[in-house]
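Undergrad: So that we are looking at the same thing, I have put the structure below in structure tokens.
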Amino acid sequence: MSTTTHSPATFDVASTPRTPFTRLVAVELRKLVDTRSGRWLLIIMLALVLLGSAVFAWAVRNDQVAFFDFTSVAGGVTGILLPVLAILAVTSEWSQRTNMTTFTLEPHRERVVAAKLVAAVLAAVLSIVVAVAIGAVMSGFAAMLGADVDWDPNLEGIAAFTIAQVLGLLVGFALGTLLLNTPAAIVVFFAYFTVIPGLLNLAGFYFDWFADIVPWIDFVSAQAPLANGFDGVEWGHLLVSGAIWFVLPLVLGITRVLRAEVK
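Going left to right, the sequence shown walks through residues -10 to 252 as this note's numbering numbers them.
Here's what the structure looks like:
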């Protein structure tokens, strides 16, 4: 009697095409508004921009004001809150424990991190567009109230403003990858943005030798010449302090994301 043997069925996924990177970016952009925290952060950001711009328009109703001033008001709000959105883009995967699903659907973690970074930068650029649009509307509102409005868009100022927004967002993103904890990353970012520059300058005031070091480690102050242009030394300040506050945390953070245990 002969026995017929059957080979077990196999499921070969080796030829399955990789998920397009553009689709990963689209998914990460959707995640920015899909969560309750991200949605409310955007709503609060828009409300604060509108409120701040309206108050500023009323305050300058009898004065001369420039179109770029309203863009700066809007950007002042987004410059503080956008890095928080970048932090949430990274840390929400770990705090809400969706990382297992994400890294199962896309096992190449570096592509997920890159998609999150691109999505965050696109959100920053979009915020600039919104800030300019709100600035135009509020400039018209101020003109209706009686202000003398200078409608020069100041493209150099907007370009410098955009770079500063993106740099701040990148620092928030880097801290998010390094800490993988939302509260901790937000606290460290606001310390970097508000507390640490003051402490560095205070230390430089009391210690002359440290005053020469401060420009090389204070990334916030190193961005100040963006509007007026950099000289050789100021470029060095920006690059060295940027390496400390962005490049190093990002490299360590990405390494941690690639090696962290998914639970």
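Note that beta-carbon positions come from the ideal geometry of N, C-alpha and C, so glycine has one too.
Once you ignore the five residues that flank Gly225 on each side, which residues in its own chain have a CB closer than 8 Å to its CB?
TA: As a working note, residue 225 is residue 236 in the sequence shown. Only Trp205 meet the Cβ criterion.
Undergrad: Give me the Cβ distance between Trp140 and Tyr181, rounded to the nearest whole Å; I'm assuming they're in contact under 8 Å.
TA: Here residue 140 refers to the residue found at position 151 when the sequence shown is read from its first residue. Here residue 181 refers to the residue found at position 192 when the sequence shown is read from its first residue. About 36 Å; that fails the 8 Å criterion.
Undergrad: Taking the alpha-carbon positions, what's the Val107 to Arg12 distance?
TA: Counting from 1 along the sequence shown, the entry for residue 107 is found at position 118. Counting from 1 along the sequence shown, the entry for residue 12 is found at position 23. Taking the straight line joining both Cα atoms gives about 12 Å.
Undergrad: Please specify which runs of the beta strand (DSSP E), each continuous and at least 3 residues long, are wholly inside the segment 134 to 184, giving them in chain order.
TA: As far as the segment 134 to 184 is concerned, its whole beta strand (DSSP E) runs of at least 3 residues are 137 to 139.
Undergrad: What did DSSP end up calling Val44 once you bin it into helix, strand or coil?
TA: Counted from its first residue, the sequence shown places residue 44 at position 55. Note: Val44 maps to helix in three-state DSSP.
Undergrad: Using DSSP's beta-bridge definition, name the partner residues of Ala55.
TA: In the sequence shown, counting from the first residue as 1, residue 55 sits at position 66. According to DSSP, which records beta bridges pairwise, Ala55 is partnered with Asp139.
Undergrad: Around the Cβ of Val251, are there at least 16 other Cβ atoms within 10 angstroms (buried) or fewer (exposed)?
TA: Here the question's residue 251 lines up with position 262 in the sequence shown. The residue in question, Val251, is exposed, as its Cβ has fewer than 16 Cβ neighbours within 10 Å.
Undergrad: Taking only runs of the alpha helix (DSSP H) that begin and end inside the segment 8 to 46, which ones reach a length of at least 4 residues, in chain order?
TA: Runs of the alpha helix (DSSP H) inside the segment 8 to 46: 10 to 23.
Undergrad: For a quick check, are the C-beta atoms of Val66 and Ala131 less than 8 Å apart?
TA: The residue given as residue 66 occupies position 77 in the sequence shown. The residue given as residue 131 occupies position 142 in the sequence shown. Not in contact: Val66 and Ala131 (Cβ atoms no closer than 8 Å).
Undergrad: I want to know whether the segment 138 to 156 touches the segment 88 to 106 - three or more CB-CB distances under 8 Å.
TA: The answer is no - the segment 88 to 106 does not touch the segment 138 to 156, with fewer than three Cβ pairs under 8 Å.
Undergrad: Could you check how far apart the C-beta atoms of Thr166 and Val121 are, in whole angstroms? I think they sit under 8 Å.
TA: The residue you call residue 166 lines up with position 177 of the sequence shown. The residue you call residue 121 lines up with position 132 of the sequence shown. 30 Å between Cβ atoms; not a contact.
Undergrad: Going by DSSP in three states, Arg50 sits in which element: helix, strand or coil?
TA: Taking the sequence shown and counting its residues from 1, one reaches residue 50 at position 61. Three-state DSSP puts Arg50 in coil, outside helix and strand.
Undergrad: By the DSSP assignment, the alpha helix (DSSP H) with Glu250 in it spans what residues?
TA: Translated into positions along the sequence shown, residue 250 becomes position 261. Counting along the chain, Glu250 falls outside any alpha helix (DSSP H), and DSSP gives it neither H nor E.
Undergrad: Assuming Thr87 and Ala174 form a contact by the criterion Cβ under 8 Å, report the distance between their Cβ atoms to the nearest whole angstrom.
TA: Translated into positions along the sequence shown, residue 87 becomes position 98. Translated into positions along the sequence shown, residue 174 becomes position 185. Between Ala174 and Thr87 the Cβ distance is about 17 Å, and since that is not below 8 Å, they are no contact.
Undergrad: Taking DSSP as the reference, what is the three-state secondary structure of Phe219?
TA: Counting from 1 along the sequence shown, the entry for residue 219 is found at position 230. Coil at Phe219, not helix or strand.
Undergrad: Would you mind sorting Phe196 into buried or exposed? The rule is 16 or more other CB atoms within 10 Å of its CB.
TA: One-based indexing of the sequence shown puts residue 196 at position 207. Flag for Phe196 reads exposed.
Undergrad: Going by the CB atoms, is the gap between Val177 and Leu164 shorter than 8 Å?
TA: Locating residue 164 in the sequence shown gives position 175, counting from the first residue. Locating residue 177 in the sequence shown gives position 188, counting from the first residue. Yes; because the gap between Cβ atoms is below 8 Å, this pair is in contact.
Undergrad: State the start and end residues of the unbroken alpha helix (DSSP H) segment that holds Leu213.
TA: For the purposes of this step, residue 213 is taken as the residue at position 224 of the sequence shown. The sequence given here places Ala at residue 213; Leu does not occur at that position. Where Ala213 is concerned, there is no enclosing alpha helix (DSSP H), given that its DSSP letter is neither H nor E.
Undergrad: With three or more beta-carbon pairs closer than 8 Å as the criterion, would you say the segment 71 to 79 touches the segment 112 to 121?
TA: Enough Cβ pairs lie closer than 8 Å, so yes.
Undergrad: How should Pro288 be labelled, buried or exposed, when 16 other C-beta atoms within 10 angstroms of its C-beta is the threshold for buried?
TA: Here the chain comprises residues numbered -10 to 252, so residue 288 is not present and cannot be evaluated.
Undergrad: Checking 8 Å against the spacing of the C-beta atoms, do Val62 and Ala136 come in under that value?
TA: Reading the sequence shown from its first residue, position 73 is the one you call residue 62. Reading the sequence shown from its first residue, position 147 is the one you call residue 136. No, the pair does not count as a contact, with Cβ atoms beyond the cut-off.
Undergrad: If you draw a straight line from the alpha carbon of Ser84 to that of Arg28, how long is it in whole angstroms?
TA: Position 95 of the sequence shown, counted from the start, is the residue given in the question as residue 84. Position 39 of the sequence shown, counted from the start, is the residue given in the question as residue 28. Going from the Cα of Ser84 to the Cα of Arg28 covers about 17 Å.
Undergrad: Please state whether DSSP places Pro96 in a helix, a strand or coil.
TA: Counting from one through the sequence shown, the residue named residue 96 turns up at place 107. Correct three-state label for Pro96: coil.
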